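Have a look at the structure below before the remarks.
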Amino acid sequence: MSKGLITLVNPNMVHPPITPYALDILTTSLEGDGFDVEVVDLTFHRDDWRNVLREYFVDRDPLLIGATVRNTDTIYAQQQRVFIDSHRDIISEIKALSGAPIVGGGVGFSSMPFALVDYFDIPFGVKGPGENILVRLANVLLRGEPPNSVPGLIVNQGAGRVHRVSPMPVTVRRGRGTGPSALSFHPVNSTTGYIRRSGTALKVDNLQYYQGGGLGNILTKNGCAFACAHCVEPDAKGAQFTRRAVRAVVDEMESLTAQGVYDLHTTDSEFNLVITHSKNVLREVVRRKESSPDSPLHRLRLWIYAQPVPFDEELVSLLAAAGCAGINLAPDHVRDDLLDEWKVTAGGSRYYTFDDVHAVCALAERYGIPTMVEVLLGMPGETAETITECVRRTLTLNAHVVGYSLGIRAFPYSPLGIRLAQRCAGKDTVPGLQSDTATTPIVLKPEGSCSTVEYERQFMFDERGQHRPVYFLSPDLPEDPETVRAPNGRWVNTLNLLWDLVPEADRHRVMLPTLPGLTPDDNNYSDNPFLLRLAGLGYTGAFWSHWPRRAEIMRQAEFDLAARSQTG
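In this note's numbering, each residue's number is its place in the sequence shown (first place is 1) plus 109.
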């Protein structure tokens, strides 16, 4: 007999569609504890989501409703689109249709959970992995017990007051901020497999997402123990690595490929950072392929995120044998003086050099695995000289694609965000703080000088409550003083410099930011015209693997569109 109904809602309207993996994870744990779980997925209902919600709730009375927020905004400096306003509209509609309590979660939500609990005006939130916390919350509500007995749960007390129930056991995080992220409840189900489905009503349809977006997803471990200055993942997912059971991971891969989802991208912060575990996962994939000619894993195409170190020939050999189709490598820059305080371990030590990047690209090429190299430009200390060196050296790599982004999104608990708030000290702006919608200088308050809600809100909203996502671009770049002083200045000179640095002969394999931020040249996912054409034509795999052919693919899409309009 079921304990009751839990409804999970996906309000993410970003296209090409991205599988809401978190809802499969939550469904697995809740069903395992005896609850019925239904998923209301609005991704494919951008124009009629209200009707979908009204039809669903007309005859259902769930015990609890969960809403996942994967992304708060584009985190792309040239197109600073915010998503949480549409999420709030959806949540408001749900509140009008159901009296069930709502709990928010997801990696985007976890980057500013106190502020979003307040903004959405919902009773509960979860920071980080939520499967075990959500099961506890559902049982507490079922028994009529107070929710403040659920360790790690974020509770809205009203009037801007939001608090987090003390986690237990307590894990002290080193080298981070002093806010609520400093204590973490360990809420991850790392032992059992997650149930992945396709074609089942009111569940995540993994095959539909694959057919619409070209990728499935797989998690081998959660969290990250590193301390890269721009990154929110150690704070949002946990500051230690939680390895999933190898058999559970590969069972899941086998299940997805059997359903026809052949291209799987890892969702780990970085696949190779616990290299022994990574190799064990790959060995199990290889073992199953070798032991059964009928295994669906023979059709697996694996795509991974990785750092340049640790990476050895054994790992590349195992990747090739397992069916790896591409490596997304994130060295971020070439200059040691910039990376020394940027790409570091939790203890503050650098862990790779540019020689390591060359070595990985060469190894991958030897084994026939394409690579994409991602570069983040505009961090503190960036100049025209450092950008020039970075572009010229990264173009010498044997990489299938090189992607450049300009400008860094500052979040409340990323090391960069924390430092910027400390430098502002609530009194003065810091040169380089920027937002397209800012109308006054951006002055951040440090943690501890205001409420947690207020501290988090300032990275997304201005003093009037208007959206103002905060970015940083180095003030030492070749911009006019007026541009640097303006809170909404656009780093146009630097964009032009970037384009000038890339020879025409290399443009086909390079992602370059543009002033509009939403062109076939931009490394911007949300509604990118090239990615939408790829998905519409049925291409699968990581979008960057098709990047060098984008002009041809765009022409093909235009031809097909013209042919359909003539026959329609």
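All C-beta atoms in this analysis are idealised placements derived from N, C-alpha and C, irrespective of residue type, glycine included.
Fair warning: this is a prediction, and the values are worked out from it, not measured in the lab.
Could you check where the alpha helix (DSSP H) with residue i kicks off and where it finishes?
i, result
"residue 561", "561 to 566"
"residue 228", "222 to 229"
"residue 525", "524 to 533"
"residue 304", "Segment: none, residue 304 is in no alpha helix (DSSP H) and carries neither H nor E."
"residue 327", "No alpha helix (DSSP H) holds residue 327; the beta strand (DSSP E) holding it covers 325 to 327."
"residue 386", "384 to 400"
"residue 320", "315 to 322"
"residue 556", "No alpha helix (DSSP H) contains residue 556, which DSSP labels as neither H nor E."
"residue 136", "130 to 141"
Closer than 6 Å by C-beta to residue i: which residues in its own chain qualify, once you throw out the five before and the five after it? Chain order, please.
i, result
"residue 218", "178 and 225"
"residue 418", "460, 461 and 465"
"residue 582", "487, 516, 541, 543 and 600"
With a CB to CB cut of under 8 Å and the five nearest residues on each side skipped, what residues in its chain are close to residue i?
i, result
"residue 84", "What is shown of the chain runs 110 to 677, which leaves residue 84 out entirely."
"residue 250", "172, 173, 210 and 256"
"residue 387", "329, 380, 381 and 424"
"residue 650", "323, 324, 372, 410, 412, 434 and 435"
"residue 405", "363, 366 and 367"
Report buried or exposed for residue i, applying the criterion of at least 16 other Cβ atoms within 10 angstroms of its Cβ.
i, result
"residue 605", "exposed"
"residue 305", "buried"
"residue 290", "Note that residue 290 scores a pLDDT of 42, beneath 50, so its modelled location is shaky; the value from the coordinates is reported in the next line. Buried, because 16 or more other Cβ atoms sit within 10 Å of the Cβ of residue 290."
"residue 423", "exposed"
"residue 578", "buried"
"residue 416", "buried"
"residue 378", "buried"
"residue 156", "exposed"
"residue 548", "exposed"
"residue 294", "Bear in mind that a pLDDT of 46 at residue 294, under 50, signals an unreliable position, so the number given afterwards is only what the model happens to contain. Residue 294 should be labelled buried."
"residue 427", "buried"
"residue 110", "exposed"
"residue 266", "exposed"
"residue 458", "exposed"
Going straight from the alpha carbon of residue i to that of residue j, what length do you get?
i, j, result
"residue 480", "residue 461", "17 Å"
"residue 476", "residue 655", "19 Å"
"residue 402", "residue 395", "11 Å"
"residue 322", "residue 254", "42 Å"
"residue 431", "residue 409", "8 Å"
"residue 194", "residue 202", "13 Å"
"residue 357", "residue 546", "45 Å"
"residue 397", "residue 349", "29 Å"
"residue 215", "residue 676", "44 Å"
"residue 616", "residue 622", "12 Å"
"residue 286", "residue 537", "Only weak support is given to the placement of residue 286: the predicted model assigns it a pLDDT of 40, under 50, and the question is left unresolved by the model."
"residue 530", "residue 592", "21 Å"
"residue 164", "residue 535", "48 Å"
"residue 312", "residue 139", "13 Å"
"residue 608", "residue 511", "13 Å"
"residue 236", "residue 345", "7 Å"
"residue 389", "residue 355", "7 Å"
"residue 565", "residue 113", "34 Å"
"residue 301", "residue 134", "10 Å"
By the DSSP assignment, the beta strand (DSSP E) with residue i in it spans what residues?
i, result
"residue 115", "114 to 119"
"residue 661", "Residue 661 -> not in any beta strand (DSSP E); alpha helix (DSSP H) instead, spanning 659 to 676."
"residue 297", "Premise fails: residue 297 is in no beta strand (DSSP E) and is neither H nor E."
"residue 512", "510 to 515"
Leaving out five residues before and five after residue i in sequence, what residues of the same chain have Cβ atoms less than 7 Å from its Cβ?
i, result
"residue 507", "470, 471 and 474"
"residue 407", "398"
* Going along the chain, which unbroken runs of the alpha helix (DSSP H) with 4 or more residues stay wholly within the segment 403 to 487? -> Listed in chain order, the complete alpha helix (DSSP H) runs (minimum 4 residues) inside the segment 403 to 487 are 422 to 431, 445 to 448 and 463 to 475.
* Ordered list of beta strand (DSSP E) runs contained in the segment 162 to 221, each at least 3 residues -> Taken in chain order, the whole beta strand (DSSP E) runs of length 3 or more contained in the segment 162 to 221 are 173 to 177 and 211 to 214.
* Asked: If you scan the segment 603 to 645 from start to end, which runs of the alpha helix (DSSP H) of 4 or more residues do you find wholly inside it?
  -> For secondary structure counted as the alpha helix (DSSP H) over 4 or more consecutive residues, the segment 603 to 645 holds these complete runs in sequence order: 638 to 645.
* If you scan the segment 341 to 379 from start to end, which runs of the alpha helix (DSSP H) of 4 or more residues do you find wholly inside it? -> Taking only runs of at least 4 residues, the alpha helix (DSSP H) segments lying wholly in the segment 341 to 379 are 342 to 346 and 355 to 367.
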